[in-house]
Amino acid sequence: MMQLLGSPASPFVRKVLVTLRETDQLDQIEFVEVATTPTKSAPEVTVAHALKKIPALVRPDGCTLYDSRVITRFFDARAKGNLYPERNIWEVLTLEATGDGIMEAAVLMVYESRVRPEDKQFDGWVEAQWSKVENALDALSKLWMSHLYGPLDAGQIAVGCALGYLDFRHGGRDWRKGRDGLAGWYAEFSKRDAMQATSPA
Ligand SMILES: N[C@@H](CCC(=O)N[C@@H](CS)C(=O)NCC(=O)O)C(=O)O
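Whatever position you read off the sequence shown (first residue = 1), add 35 for this note's numbering.
Next comes the structure, spelled out in structure tokens:
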């Protein structure tokens, strides 16, 4: 059986779990829960993922897959799903990259306070990451609302998991302020069974 190495708190792992649920393949994997940080890598992760990150998908009949967007695309193809439609593939991939980028910046902010020793923390750097998040949220609000309301795809899943992660780890920053449209979309999207079942909060 395929093994998915991950933690339910990771937004990148959540994307894979949502994809598995949306394509009805949750029973195809064994979830192996691991705790890993940049300074303390889990041994299984070090073996499976060249960059020592999660998620990683260990397959008995093929190479181990990473990163999250490779794994989600693999499962979509495997189920002959429509999360990466040819019709607008470049839009979908760009939206997915936007969601992933929000997660990356938001995860780095968490590492700054949790992993880096206090005397080495740098507020200016943390705020610069948050300004990337805000810039991306504004881009989503201005350019992507009609796509977000279209048929379900991998871009929407990435954005949904990114916004969920902002609530989970950066709730005090109020990403919804001045972004009613995006907040309204997320309120609906987060009601999906796959989102409810994988909520980290
Ligand atoms: N681009 C990667 C990012 C994965 C990632 O950053 N995962 C975090 C957990 S949320 C991780 O494994 N961090 C440990 C580390 O950086 O060593 C993906 O999409 O899979």
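We treat Cβ as the ideally placed atom computed from N, Cα and C, and that holds for glycine.
Contact the stretch 108 to 120 vs the stretch 181 to 192: 3+ CB pairs below 8 angstroms: yes
So the candidates are A91, T81, L40 and D59; which of them puts its Cα closest to the Cα of V69? L40
As a quick exercise: from E57, T71 and M37, pick the residue whose alpha carbon is nearest that of P43. T71
Considering only residues of the stretch 138 to 202, which uninterrupted alpha helix (DSSP H) runs meet the minimum length of 4 residues and lie entirely inside it, listed in chain order? 158 to 178 and 180 to 183
Contact with chain D by A85, beta-carbon distance below 7 angstroms: Protein chains in the displayed structure number just one, and chain D is not present.
Can you look up I106 in the DSSP assignment and give me helix, strand or coil? helix
Taking the straight line between their C-alpha atoms, what separation do you get for G219 and L201? 15 angstroms
Q60 versus G116: straight-line alpha-carbon distance, rounded: 11 angstroms
Considering only their Cβ atoms, is the gap separating I137 from V168 smaller than 7 angstroms? yes
Let me know the secondary structure DSSP gives G213 once reduced to three states. coil
Any heavy atom of ligand 1 closer than 6 angstroms to the Cβ of S234? no
Quick one: using the 10 Å Cβ neighbour count with 16 as the cut-off for buried, is M144 buried or exposed? buried
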